[in-house]
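Here the sequence shown stands for residues 48 to 443, numbered as in the numbering used here.
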Amino acid sequence: MTLRVLSLYEGFFAGGARILHSDVVAGLHAAGEQSHGVLSLSAQARRDATVQFAHDDPRYRRLAGAGVEITALGGTAGAKPMDPSSFGELDLYRAAEAIAQADVVLSLKEQPLGLLLALRAHGLMPSVPVAACLHRSDPGHSGPALGWLREAAETGLLTATISCAESTDAAYAQHLPFGLDRRVVRNGIDIDVFTPEADPADGAALRVRLGIPLDAPVVLLAARFDAMKDPGLFLRATARLSARRPDAHFVLCGAGMRPDNAAFASLMTDAAVPADRVHALGIRGDMPDLYRIADIVALTSAFGEASPLCLLEGAASGATPVTTDVGDAASSVAGFGLVTPREPHAIAAVWESVLSERGRLREAALAARAGLSRGRMIDEYRAAIEGLAERRRLAA
Numbered sequence: 048m049t050l051r052v053l054s055l056y057e058g059f060f061a062g063g064a065r066i067l068h069s070d071v072v073a074g075l076h077a078a079g080e081q082s083h084g085v086l087s088l089s090a091q092a093r094r095d096a097t098v099q100f101a102h103d104d105p106r107y108r109r110l111a112g113a114g115v116e117i118t119a120l121g122g123t124a125g126a127k128p129m130d131p132s133s134f135g136e137l138d139l140y141r142a143a144e145a146i147a148q149a150d151v152v153l154s155l156k157e158q159p160l161g162l163l164l165a166l167r168a169h170g171l172m173p174s175v176p177v178a179a180c181l182h183r184s185d186p187g188h189s190g191p192a193l194g195w196l197r198e199a200a201e202t203g204l205l206t207a208t209i210s211c212a213e214s215t216d217a218a219y220a221q222h223l224p225f226g227l228d229r230r231v232v233r234n235g236i237d238i239d240v241f242t243p244e245a246d247p248a249d250g251a252a253l254r255v256r257l258g259i260p261l262d263a264p265v266v267l268l269a270a271r272f273d274a275m276k277d278p279g280l281f282l283r284a285t286a287r288l289s290a291r292r293p294d295a296h297f298v299l300c301g302a303g304m305r306p307d308n309a310a311f312a313s314l315m316t317d318a319a320v321p322a323d324r325v326h327a328l329g330i331r332g333d334m335p336d337l338y339r340i341a342d343i344v345a346l347t348s349a350f351g352e353a354s355p356l357c358l359l360e361g362a363a364s365g366a367t368p369v370t371t372d373v374g375d376a377a378s379s380v381a382g383f384g385l386v387t388p389r390e391p392h393a394i395a396a397v398w399e400s401v402l403s404e405r406g407r408l409r410e411a412a413l414a415a416r417a418g419l420s421r422g423r424m425i426d427e428y429r430a431a432i433e434g435l436a437e438r439r440r441l442a443a
């Protein structure tokens, strides 16, 4: 029998957790043993100084194209998660109907659990196993959603957690009751999508479009404009490397990473970065191409990271990951990436050392490709879902 699985999304907007979970859903749905659907709590999001509509999101389009049924409620996702009291009667009935048709429910992060608490309060929550898929290493920054997670676990509404990193599991464990089913499924990526440059002409054409000289070294930051990602630190390090390597160019992409974002423009001014060598591109649909022209994929995050996808995607494309020591980032790039202190001079010095050893480090990144594949991750999610469904069958 085909298992019916419903994933709950707070909304469709740019972010690593949504990229990864959508990859899992598409992969499992395509295999045919499980039938997946998505219930989004919102049809649009206002985040990271950007309005993002669900139907424009690449994850939405990919899932829809793969035949995954997507239902969106009428809310608007924002900086704060949707409180259980914010859901109207019609949304609750639509959600209850969708959940009742599922054998297993997966909550993408803890924020959608507010909907399930609202359903239970109104006597509408079906008896279905629920797993929260967790992607942070700082639960305290989840706001009220952490309390919803704790309440759902303590009252039996939540059946299990699936964390993307050991640091995530350890961070959340102190907020969860003893004995709750907790699993760790490490992140993986599609190495058929994130590949090294096959035709140098393609990379040359992209550089021309962006205004980057063909022989210029490129440092890439793929992150949204958020204090967690600390774009200000990246820009200060950029200014330091620019003084040493005036040929270097810097690409930033992600929600809010645009010159017309006043807060971003202010950081640029404060860092005194040469504007002609910084390319702030905002949300992009050509990330594989951007990774291929990069020499370094950087991460300057201050907190919250678990197992950042950008480091794996960049490495699979031939770039060298350089990251601050957050979450499982250091262990995820062991052997092919470098870890740096959170200080502009130190970061710039590591970037410069990578550029001086570019050939050797590129080979190390490409040699790690096989171990970064999403195949193992999808197999482990499949087993976890089957285990939850079996538990429900035995309890019936």
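Here a beta-carbon is modelled for each residue, glycine too, at the ideal position from N, C-alpha and C.
Considering only residues of the same chain and omitting the five flanking positions on each side of residue i, which have a CB-CB separation below 7 Å?
| i | result |
| --- | --- |
| Q148 | R51 |
| L163 | M172, V177, A199 and L204 |
| I425 | V71, G74 and L75 |
| G62 | R271 |
| N308 | A96 and F272 |
| L358 | V344, L346, P368, T370, A376, S379, V380 and G384 |
On a Cα-Cα basis, can you pick out the residue from the options that is closest to residue i?
| i | options | result |
| --- | --- | --- |
| H392 | R230, V151, G418 and A286 | A286 |
| Q91 | L413, F60, A168 and G135 | F60 |
| A415 | E57, E437, A376 and A381 | A381 |
| A126 | P321, Q158 and E201 | Q158 |
| V115 | L227, S82, A274 and R429 | S82 |
| A207 | V175, A111, D70 and N234 | V175 |
| L346 | G187, P335, A274 and D336 | A274 |
| D130 | L408, G258, A168 and T202 | A168 |
| R405 | Y428, I340 and L137 | I340 |
| T371 | Y428, L268, P243 and P293 | L268 |
| A263 | L441, S379 and P293 | P293 |
| T316 | G279, L337 and S348 | G279 |
| T49 | R439, R438, E433 and L441 | E433 |
| A179 | D333, A431 and R440 | A431 |
Once you ignore the five residues that flank residue i on each side, which residues in its own chain have a CB closer than 6 Å to its CB?
| i | result |
| --- | --- |
| V4 | The requested residue 4 is not part of the displayed model; the chain covers only 48 to 443. |
| I394 | A284 and T387 |
| R65 | R106 |
| E201 | P224 |
Report back the beta-carbon spacing between residue i and residue j to the nearest angstrom; my notes put them in contact at under 8 Å.
| i | j | result |
| --- | --- | --- |
| G365 | L288 | Not a contact, Cβ separation roughly 20 Å. |
| L282 | S154 | Going by Cβ atoms, the distance from L282 to S154 rounds to 35 Å, so no, they are not a contact pair. |
| L166 | A143 | 6 Å |
| R214 | L181 | Looking at the sequence provided, one finds Ser at residue 214 rather than Arg. Between L181 and S214 the Cβ distance is about 11 Å, and since that is not below 8 Å, they are no contact. |
| R229 | D216 | 6 Å |
| A113 | A77 | 6 Å |
| G384 | A212 | Actually they do not touch by this definition, with Cβ atoms about 15 Å apart. |
| V266 | A295 | 6 Å |
Within the same chain, show all residues whose beta-carbon is closer than 8 Å to that of residue i, passing over the 5 residues directly before and after it, in chain order.
| i | result |
| --- | --- |
| I238 | A363, R416, A417, L419, S420 and R421 |
| L193 | E157, P186, G187 and H222 |
| R291 | A395 and E399 |
Checklist entry - Going along the chain, which unbroken runs of the beta strand (DSSP E) with 3 or more residues stay wholly within the segment 348 to 414? => result Note on the segment 348 to 414: whole beta strand (DSSP E) runs with a minimum of 3 residues are 367 to 370, in chain order.
Next on the checklist: Suppose only complete runs of 3+ residues qualify. What are the beta strand (DSSP E) ranges in the segment 101 to 174, listed by chain order?
Outcome noted: For the segment 101 to 174, whole beta strand (DSSP E) runs of length 3 or above, ordered along the chain, are 116 to 124 and 151 to 155.
Checklist entry - What are the uninterrupted segments assigned as alpha helix (DSSP H) that are 4 or more residues long and contained completely in the segment 285 to 339, given in chain order? => result Runs of the alpha helix (DSSP H) lying entirely within the segment 285 to 339 and spanning at least 4 residues, in chain order: 309 to 318.
Checklist entry - Along the chain, which unbroken stretches of the alpha helix (DSSP H) at least 4 residues long are found entirely within the segment 220 to 268? => result As far as the segment 220 to 268 is concerned, its whole alpha helix (DSSP H) runs of at least 4 residues are 247 to 257.
Item to check | the segment 314 to 323 / the segment 241 to 251 touching (three or more Cβ pairs under 8 Å) | outcome: no
Checklist entry - In the segment 175 to 223, which residue ranges form an unbroken alpha helix (DSSP H) of at least 4 residues, counting only runs that do not cross its ends? => result If we require 4 residues or more, the alpha helix (DSSP H) runs fully inside the segment 175 to 223 come out as 191 to 201 and 213 to 220.
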